[in-house]
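Quick look at the structure:
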């Protein structure tokens, strides 16, 4: 069911005939082209014949691409909106690329820290082994100097 569809279960009573100018429709959703008595008005026809053009109401959508629709696509506000969307999409792509680069840099830094810790651990082991060797050499050196 359309959003603004209105059905009236009561039969419509034709309004009383008026001698003045025909009144405009009271609803923005009604169709134009008929006078209040239901007959085509002379204002909407050419040479006394009814016009075949119908507007379809306030929220009607044109189904053909007319020059008016092409003009709307090229209006400055529409072009600005399209450009802003394109700029936002590019900014998202740039942000994704920067995030991937940042994650790669973090992985590289963590790997470097892991290598440094391994090197420090290996140097510590070598220093302990060197200290143990120096202690052994020191014990042997204590025996020196007895003759003098």
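Residue numbers (UniProt numbering): 1 to 148.
Backbone N, C-alpha and C fix where the C-beta goes; we use that ideal spot for every residue, glycine too.
Kindly give me the distance between the Cβ atoms of residue 72 and residue 78, rounded to whole angstroms, as I take these residues to be in contact under 8 Å.
Position 72 of the chain shown, counting from 1, holds the residue named residue 72. Position 78 of the chain shown, counting from 1, holds the residue named residue 78. That belief holds up - the Cβ atoms of residue 72 and residue 78 are roughly 7 Å apart, short of 8 Å.
Leaving out five residues on either side along the sequence, give the residues of the same chain with a beta carbon under 8 Å from the beta carbon of residue 117.
Start at 1 with the first residue of the chain shown, and residue 117 comes out as number 117. Excluding positions up to five away in sequence, the list is empty.
Using a threshold of 7 Å, is the CB atom of residue 147 nearer than that to any non-hydrogen atom of the ligand FAD?
Within the structure as shown, the ligand FAD is missing, as the structure has no ligands at all.
What are the boundary residues of the alpha helix (DSSP H) that includes residue 97?
On the chain shown, residue 97 is found 97 positions in, with the first residue counted as 1. For residue 97, the enclosing alpha helix (DSSP H) begins and ends at 76 to 142.
For residue 144 and residue 138, I'd like the C-alpha separation in whole angstroms.
Mapped onto the chain shown, residue 144 falls at position 144. Mapped onto the chain shown, residue 138 falls at position 138. One C-alpha to the other measures close to 10 Å.
C-alpha distance - residue 123 paired with residue 94, whole-angstrom precision
Start at 1 with the first residue of the chain shown, and residue 123 comes out as number 123. Start at 1 with the first residue of the chain shown, and residue 94 comes out as number 94. When rounded, the separation of the alpha-carbon atoms in residue 123 and residue 94 is 43 Å.
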